[in-house]
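Heads up: the sequence shown begins at 824 in this note's numbering, then just goes up one per residue.
So the structure is just underneath, and the comments pick up after that.
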Amino acid sequence: MKKYLVIGNPINHSLSPKLHNYWLKKNKIDAHYEKKKLDNKDLKNLIENLKEAKIDGINVTVPFKKEIINHLDKLSFEAERTQSVNTIYLKNDIVFGHNTDIEGFEKSIKNINFNPINKKVLILGAGGVVPSIIFALKKMNSSEIIISNRTKNKAEDLKKLFPDLKIINWGDSSDFDIIINATSVGLQNTDQIKLNYINDKKNKFFYDVIYNPKETNFLKNAKKLGNSTTNGKMMFIYQAAAAFKIWHGVDSEIDEGTMKLLDD
Ligand code: ATR
């Protein structure tokens, strides 16, 4: 039986095993997908295990998406540009790293028939998933991308990858057509993003990468004010489906059962 893993730290919350094992069963593929909490020092051995075919594929989540790159042989163009890897596989004895978060974000936007072309985007946060969101938005021809992060130097670091980013201080106001919450504020039901200038916006598009809870206060408030909203559920599903396709060559069906898996 083939073995697949998602690694991270923490990893307990990960719903990737649920999704992948559901699709494996549906497609009658003899494989199992597990989650594993690791430390930096374990990464080398992990990749050795892949080379020895003890593991057949790996998903990577926070905080290893950049760090893992040191242990890989070859990166896809997307992984190289974002310095972020979430999907690993072995082909002809070469360890490849790819980034399916980009496809996940892009498809999640297309799924709701939203077109970011010529739109001004404000991203809150500068963590692991942000380079992928920036890459996808640039591909979809957004006119301007602005980053606001509590720790400003992390936003400045992103400018090394994407020099035309605009950085503003956390709390400073900005105009936007689309605002994306990519911080972890909202994971707790009581969390509030305390940025006054977002509380008078209407007819804008609010996207929260968080999908559990289903509707963060960020989205609840935005909806009340008359904005469109969406959460990160489809992004998560599409990035998983893209990894599934790489490993198994099969398009996973995103049916009602798939959607329900993430609701409990
Ligand atoms: P990592 O930063 O390890 O990649 P992440 O979950 O991908 O982890 O990112 C967490 C994001 O949420 C960061 O942008 C973080 O801001 P800092 O860089 O200043 O830490 C942001 N964040 C977390 N708690 C926050 C809070 N209370 N207020 C504002 N931003 C917060």
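C-beta: ideal position from N, C-alpha, C; glycine also.
- Given a length threshold of 4 residues, each whole run of the alpha helix (DSSP H) inside the stretch 1016-1083 is given here in chain order: 1040-1047, 1056-1071.
- For the pair N1054 and I1033, the Cα-to-Cα distance works out to about 6 Å.
- Per DSSP, G927 is one residue of the alpha helix (DSSP H) stretching across 924-934.
- Taken in chain order, the unbroken stretches of alpha helix (DSSP H) that lie wholly in the stretch 843-927 and span 4 residues or more are 866-874, 900-905.
- The three-state reading of DSSP puts V953 in helix, counting H, G and I together.
- The stretch 964-982 and the stretch 990-1003 touch, with no fewer than 3 CB-CB distances between them shorter than 8 Å.
- In this structure, S1051 has its beta carbon at no less than 6 Å from each heavy atom of the ligand ATR.
- S965 sits buried, since 16 or more C-beta atoms from the chains shown fall within 10 Å of its C-beta.
- In the three-state reduction of the DSSP assignment, S971 falls in the strand class.
- Taking 7 Å as the cut-off, the beta carbon of I957 is found closer than this to the beta carbon of F985.
- Residues whose Cβ lies closer than 7 Å to any heavy atom of the ligand ATR, listed in chain order: V885, P886, G948, A949, G950, G951, V952, N972, R973, T974, K977, W993, A1005, T1006, S1007, V1008.
- Put simply, the backbone Cα of E903 is about 9 Å away from that of I892.
- The stretch 1064-1072 makes contact with the stretch 907-926: 3 or more CB pairs, one atom from each, lie closer than 8 Å.
- Its Cα nearest to that of K897, the residue T910 stands out among F887, T910, D862.
- Shown here for N1012: same chain residues with a beta carbon closer than 7 Å to its own, the five before and five after excluded, namely P1036 in chain order.
- Of all alpha-carbon atoms in D1000, N1022, I1001, G1009, the one lying nearest the alpha-carbon of G994 is that of N1022.
- For L828, the pairing in a beta bridge is given by DSSP as E857, I881.
- As computed with DSSP, I1003 is found in a beta bridge with I946, Y1030.
- C-alpha of L895 to C-alpha of I878: approximately 15 Å in a straight line.
- Short of 7 Å from the beta carbon of D1031, and not among the five residues preceding or following it, lie these beta carbons of its own chain, in chain order: N1004, G1009, T1039, F1041, L1042, N1054, G1055.
- Shown here, N1012 sits in coil according to DSSP, grouped into three states, outside any helix or strand.
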